[in-house]
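Chains as they are written, first to last, in the working numbering: chain A, 703 to 1087; chain B, 703 to 1087; chain C, 703 to 1087; chain D, 703 to 1087.
Report on the structure given below.
There are 4 protein chains.
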Amino acid sequence: PFFADTNAGGIGVAHNGNLTNAYGLRQDLVKSGALFQSTSDTEVIVHLIARSKEEKFEARVVDALKQVEGAYSLVLMTRKKIMGVRDPHGVRPLILGKLNDGYILASESCALDIVGAEYVRDIQPGELITIDEKGMRSSFPFAKKPSRFCIFEYIYFARPDSFMEDKSIYEMRKEIGAELARENPVEGADLIVPVPDSGVPAAIGYAQESGVPFELGIIRNHYVGRTFIEPTDKIRNLGVKLKHNSNRKLLAGKNVVLVDDSIVRGTTSKKIVEMVRDAGAKEVHMRISSPPSKHSCFYGIDTPEDSELLAHNHSPEEIADIIKADSVSYISLDGLYRAVGQARRNSDDPQYCDACFSGEYPIFLTDREEKHDKMKISRLKEASK
Amino acid sequence: PFFADTNAGGIGVAHNGNLTNAYGLRQDLVKSGALFQSTSDTEVIVHLIARSKEEKFEARVVDALKQVEGAYSLVLMTRKKIMGVRDPHGVRPLILGKLNDGYILASESCALDIVGAEYVRDIQPGELITIDEKGMRSSFPFAKKPSRFCIFEYIYFARPDSFMEDKSIYEMRKEIGAELARENPVEGADLIVPVPDSGVPAAIGYAQESGVPFELGIIRNHYVGRTFIEPTDKIRNLGVKLKHNSNRKLLAGKNVVLVDDSIVRGTTSKKIVEMVRDAGAKEVHMRISSPPSKHSCFYGIDTPEDSELLAHNHSPEEIADIIKADSVSYISLDGLYRAVGQARRNSDDPQYCDACFSGEYPIFLTDREEKHDKMKISRLKEASK
Amino acid sequence: PFFADTNAGGIGVAHNGNLTNAYGLRQDLVKSGALFQSTSDTEVIVHLIARSKEEKFEARVVDALKQVEGAYSLVLMTRKKIMGVRDPHGVRPLILGKLNDGYILASESCALDIVGAEYVRDIQPGELITIDEKGMRSSFPFAKKPSRFCIFEYIYFARPDSFMEDKSIYEMRKEIGAELARENPVEGADLIVPVPDSGVPAAIGYAQESGVPFELGIIRNHYVGRTFIEPTDKIRNLGVKLKHNSNRKLLAGKNVVLVDDSIVRGTTSKKIVEMVRDAGAKEVHMRISSPPSKHSCFYGIDTPEDSELLAHNHSPEEIADIIKADSVSYISLDGLYRAVGQARRNSDDPQYCDACFSGEYPIFLTDREEKHDKMKISRLKEASK
Amino acid sequence: PFFADTNAGGIGVAHNGNLTNAYGLRQDLVKSGALFQSTSDTEVIVHLIARSKEEKFEARVVDALKQVEGAYSLVLMTRKKIMGVRDPHGVRPLILGKLNDGYILASESCALDIVGAEYVRDIQPGELITIDEKGMRSSFPFAKKPSRFCIFEYIYFARPDSFMEDKSIYEMRKEIGAELARENPVEGADLIVPVPDSGVPAAIGYAQESGVPFELGIIRNHYVGRTFIEPTDKIRNLGVKLKHNSNRKLLAGKNVVLVDDSIVRGTTSKKIVEMVRDAGAKEVHMRISSPPSKHSCFYGIDTPEDSELLAHNHSPEEIADIIKADSVSYISLDGLYRAVGQARRNSDDPQYCDACFSGEYPIFLTDREEKHDKMKISRLKEASK
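Structure below.
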């Protein structure tokens, strides 16, 4: 969260997402005398609110957000009210909950379960909710845009015990796994093994659809992450086994289907495949519950640049060679849309943001087009005159 | 581990297990002038080694261990050698591994995988292994006793990626789950849901045997355990949801079979059942992959006293009432023995230590019979004359 | 120090002093859209620099400082230069040192000794020094004002091993003590005892002037401040002895003159007098090496409000009653000026800032006159519209 | 403190001093089966108490202490009593205090002042005090030996606000300083400057006796020791100025007498003299309020080996050359005895332990004579058979 004392009073802002024109806005703000004490794009939003000529707080927020581009779900707090707002495309999630007389804004419904609150509804794309002593009000202050909820939330990002758009994330992942099994069966498979923990729901779906047994062939080492003893470099070099270990007796001599949610750089996949082979697996087939990750996300998911994405430059066959798997295959983009309940992807106006797979960015990437390097955002690194 | 400077040189000892005559030995040692700086029974062993009249280190260790009763697997280290030894009944595990030219002693084979070492074999009950610059030697210095490996290692204690007695722990747990399904089926069941993480392998076995789908109806909240922010009491009182959350959409209206490894005090089980009911489950049946836990372990597993064990005083039907489940049932003792590969439990000379279920303690509980209260072990609490 | 990214590039600022119109400036800045992320007046200065219409950095700094009132010595740093500046009255100190080819700016000369640097000179009131790769430049950009160096630096604030205005702080304190002895002798005194550590130099001066022996009748407990064990409340209530202890054998039956630099609220003085009496002193006379502290400082010394200053409402006789001393007396204002080398205080145009004694504030207290409560500086506490 | 559970019940022991036959006793104890978990000689005492054949606790303690040699003041605690005991020579101090109904044992009287307790008396050499619910009892269980209180407590070790043997430490130090002035005056001296903080009382005594002004020519930097920021090596190399700084204006052109309590290795003295010369002093004379430190202490004061003591191999003239002082002189041994109230040192049977100056060790140094290297005390470093 970000706090500041402004012309609109004291404000706290929490931000899920990423602005695509933050650098340019920041340059303009700095030129007109604004101070920046961080490199966060949230600070840009607060400056725009502070400088708005509008009088009322909601109007200031709307005024500020009309200047920004990008994907954002924001929660703002003043001394007397809280506000929640989602960008017009609704890329990032935001939900409304209720506990006794109070309202709760959160990214995911599982947060409500933890505190025993009740889910009310999703905030809509472009909707602004204000909650104060008079109650809750909703408005749609922005020009309407087509909905583009992030489809990667269904694949990986959201927690499996949440639901979004009235759909259970766990069920969606099982559906995706089932569709993956229909599209990419493995002949003679003995076991369906998830890469823990994120691959589990899709692997259950794949196993149920294919009739091949679901088995925990890879065990996650829960101890490692919990220790306060920082492993030394030497221990780190022992590799991925600090995080995962294979279930040797189970895998030996088997035709194994590994199910994972995505392949990013391929480093982990390669180690996992090697570990399964070392355990004696006869064949190792990798099945991925997303289309190939070919493009960077500029809307709030932390991903490497295009050039570092293995699928950006390599076909599934090449990837299989690189990670030493007998085969690698992905769910198709249409298959993914089917799994989440669409007849197929509407290529003229896709129902979701799938830019990381399709390269079709629904929100213009202003900073990127103007070749602003994120690394240069801090003028602290520039010389003064 | 425990370190001390002794007549036999400097010694380090690591101990898995529990002595059953430690209090009496300690009393005798203290009477003859020994100092105790901890309440650990390991310190008793070190004192016995230090006071042995034998000259050679191995002979001292054997001399000391002939005086102790209980379940123990020990690793001892001097400046020039390491030794591993298992008690004559072999209650606790101890394995030998190899990495390059070096030997490794560990409780479980999964420890070898982490460092990339090779499993050689289990140390045998009553076996003493010495490793020094001359290599590795084995001896059996104690009177032979019937093997009584702890059957609870198969149910819960060992890691699923280890193997013991040449059996995969994961496979054993699946077998136990399958046997549980045969003995205690649930009519009209919609889902088999493990209590994470320990109930997962048995639930997979149960699901495969029963043909009812395996589903993650309860999600473990991995964030909580990893945070450095200690939750306040108020947050703690929000209850078990900090650790687990239900998968509401999946459970609503369903006949749910929960699979867990054991019921100890019943507190967690009660919360889990309540959470599943709150999610809308129509029926909730609890199936336990062990016989009822009726007796305390005195051989190294940390369990509450008999009186605090729910099954010590209650039938499965009463337990179902207490935890608000539609039914509770357990695998039978014979069923458990079948699952781990025996025809049935040999009641005259059981193949495993199953004292926590049967109450038949294979090693005499000297301290307990002499009514030594563990709490009184520290004479620091007694008055001096 | 305060860092920010601004239109003038990245800036770091360290500030010794206090602005007297910060609240008003901050209000104006906030109204025009500035964000404040702290309650420090330094942030006001950085905003003014950022918003200046001037182009060159020095010109921006001068532009900003022409808008502020108060007492300040500033060190500013950009990527390419450092600058030092003192307010036109020169209330707070700032000195220039040299180490090899580099210049050093610091508040006191003792800082130079620590790093082995050489003292060059004091920065002058109203002087601005710029140091960059081209060397060092000096300018006097502000309207000339009468010098008003803080006389309390000589009494208490500066370190005794520093010198200011070419005068040794230690020598000045001894002179003040000697003048105090001439003005306020104690008949039949046996010992001159400093309240450690700040009263030591004045006590030495008093002893030398009066011919009465200087003795360490109060020992400072150096251990307490250094321990990592936080004393509990119960221990705190044991009182001032954690900080000081009396030298019982020395004080018993004696006529003791305690020398301290000032009496603020009187709490510590009362405990010290009580401790000396408990040690058996026959008489306890308190001599103070400053005039009565009657007024708050608004120029950078942290003092309580007028109403909490014991001398604001009480005569020396009343104070003696309150702290249970046989007598309390202070150096006179003219005596203080004599001790620091003036013939007498020039009442039309005093040579130093002595507002804390005289109530004559040389710089207008704008925020105070406009009744801006410092506590309200954070608009975070105000409601938003 | 050291805690253990023993045949005599639980014991806690705090030890001021050092045993001279600990190594030999430890060897014997280890041979008979004792475990050592530290390298402290206190552990030896506890073992001897635990192994005593006596029944009552006091008798056990006496039995144990009859076997040890060395200088010790001990406080022992059981569940029901506390005991205090001083070795027969009374080398180290131990005092008795009272607070309400309770007794307090401490090394120095200043500890009583901190908690507001009353000083009762010194524990006598060879005295054993027992305090329990029945009150306080005293006995003298050891063969009577001549008193040999550590004279270095008066010079440096005790706190100036304590008293011992009914003498004020502060007064004794002033007396020593006065005697030093009589024995070693400095012609034409301008200033008497203490090396802070330990040299202050002796310097006051020297100044009063000589009539030369006492001045704080060296300022101790209190900030450094209190910071949590660990100085880097580079900063450390800046030298002693992190601890001390000179008062330049005061010292310039002066004939300065520095008073310090002792010269150990000479490193600090050399830096101090250099610093005073850098400040412009014309002459620098070092006067030491103890005789030359020529011999290691084996009775509880942490000192380097003989060969590292500057005075072990060098005359005062040579030392003056080494530390670059104009002269160095020490108080004589007889002068020291006079200052603490004796007519002169009784060379047949000295009134104090002055081994560090005279080399006459009143208690036999058994371990040293048998060439036991302290470094070898841990058998952990030896090979086992």
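The beta-carbon is built from N, C-alpha and C at its ideal position, and this holds for glycine as well.
Item                                                                                                                                                                                : Value
Taking DSSP's pairing of strands, which residues face Gly786 (chain A) in a bridge?                                                                                                 : A:Val777 and A:Ile831
Who does Asn720 (chain B) pair with in a DSSP beta bridge?                                                                                                                          : B:Ala773
How long is the line joining the alpha carbons of Tyr725 (chain C) and Ile747 (chain C), rounded to whole angstroms?                                                                : 12 Å
With a threshold of 8 Å between beta carbons, is Leu918 (chain B) in contact with chain A?                                                                                          : yes
With H, G and I counted as helix, E and B as strand and the rest as coil, what does DSSP make of Asp963 (chain A)?                                                                  : coil
Quick check on Asn923 (chain B): buried or exposed, where buried means 16 or more other Cβ atoms within 10 Å of its Cβ?                                                             : buried
Verify the CB distance criterion: does Thr832 (chain B) have a CB-CB separation below 8 Å to chain D?                                                                               : no
Could you check which residue in D:Leu737, D:Gly711, D:Glu810 and D:Ser964 has the C-alpha nearest to that of Lys733 (chain B)?                                                     : D:Gly711
Taking 6 Å as the limit between beta carbons, can you name the residues of its chain near Lys876 (chain A), skipping five residues before and five after?                           : Pro903, Ile906 and Gly907
Run through DSSP, which three-state label would Ala904 (chain B) get?                                                                                                               : helix
To the nearest angstrom, report how far apart Ser1029 (chain C) and Ile1021 (chain C) are at their CA atoms.                                                                        : 9 Å
Does the beta-carbon distance from Ile990 (chain B) to Ser1017 (chain B) come in below 8 Å?                                                                                         : no
Would you mind telling me which residues of chain A sit closer than 9 Å to Lys996 (chain C), beta carbon to beta carbon, in chain order?                                            : Near Lys996 (chain C) there are no residues of chain A at all, since even the closest Cβ is about 34 Å away, more than 9 Å.
From Ala1057 (chain C) to Tyr1039 (chain C), what distance separates their C-alpha atoms?                                                                                           : 14 Å
Hey, Thr722 (chain C) and Ile1065 (chain C) are a contact pair by Cβ (cut 8 Å); roughly how many whole angstroms apart?                                                             : 6 Å
In the DSSP assignment, find the unbroken beta strand (DSSP E) run with Asn947 (chain C) in it and report its ends.                                                                 : His946 to Ser948
Skipping 5 residues on each side, what residues in its chain have a beta carbon closer than 8 Å to that of Gly955 (chain D)?                                                        : Gly982, Ala983 and Lys984
Decide if Met1077 (chain B) is buried, meaning its Cβ has at least 16 other Cβ atoms within 10 Å, or exposed.                                                                       : Bear in mind that a pLDDT of 46 at Met1077 (chain B), under 50, signals an unreliable position, so the model cannot answer this.
Kindly indicate which residue of B:Phe738, B:Ala736, B:Lys783 and B:Glu771 has the alpha-carbon position closest to the one of Ile661 (chain B).                                    : Nothing about residue 661 (chain B) can be read from this structure; chain B reaches only from 703 to 1087.
Let me know if Asp863 (chain C) comes out buried or exposed under the rule of 16 or more other beta-carbons within 10 Å of its beta-carbon.                                         : buried
At a CB distance below 7 Å, what residues from the stretch 738-756 of chain C approach chain A? Give them in sequence order.                                                        : Phe738, Gln739, Val748, His749, Ala752 and Arg753
Anything in chain A within Cβ reach of Ala706 (chain C), meaning under 7 Å, just list it in chain order.                                                                            : Leu737, Phe738 and Gln739
If distances are taken between C-alpha atoms only, which option among B:Glu760, B:Lys755, B:Asn709 and B:Leu767 comes closest to Leu727 (chain B)?                                  : B:Leu767
Listing by chain order, which chain D residues have their CB less than 9 Å from the CB of Ile906 (chain C)?                                                                         : Pro915, Phe916, Glu917 and Leu918
For the alpha helix (DSSP H) that Tyr1039 (chain B) lies in, which residues bound it at each end?                                                                                   : Leu1035 to Ala1041
For Asn802 (chain C), tell me which candidate among C:Val822, C:Gly786 and C:Pro795 has the shortest Cα-Cα distance.                                                                : C:Val822
Compare the C-beta of Leu893 (chain D) against all C-beta atoms of chain C and say whether one is closer than 8 Å.                                                                  : no
Helix, strand or coil: which one does DSSP assign to Asp1069 (chain D)?                                                                                                             : helix
Under 8 Å, do Glu911 (chain D) and Arg950 (chain D) count as touching if we go by C-beta distance?                                                                                  : no
Compare the C-beta of Lys733 (chain C) against all C-beta atoms of chain A and say whether one is closer than 8 Å.                                                                  : yes
Excluding the five sequence neighbours on either side, which residues of its own chain have a C-beta within less than 7 Å of the C-beta of Gly927 (chain C), listed in chain order? : Confidence in Gly927 (chain C) is poor, its pLDDT being 43 and thus under 50, which makes the residue's placement unreliable; the coordinate value appears in the next sentence. There are no such residues.
Measuring only between beta-carbons, confirm whether Ile931 (chain B) sits less than 8 Å from chain A.                                                                              : In this prediction, Ile931 (chain B) scores a pLDDT of 43, lower than 50, which makes its location untrustworthy; the coordinate-derived value is nonetheless stated afterwards. No, Ile931 (chain B) does not count as interfacial toward chain A.
Would you kindly work out how many angstroms separate the C-alpha atoms of Val763 (chain A) and Gly735 (chain A), rounded to a whole number?                                        : 20 Å
Would you say Asn720 (chain C) and Gly1002 (chain C) are within 8 Å of each other, going by their C-beta atoms?                                                                     : yes
Say whether chain C places a C-beta atom closer than 8 Å to the C-beta of Asn709 (chain A).                                                                                         : yes
Starting from the Cα of Met977 (chain D), find the closest Cα among D:Glu835, D:Lys945, D:Lys996 and D:Leu1035 and give me that residue.                                            : D:Lys945
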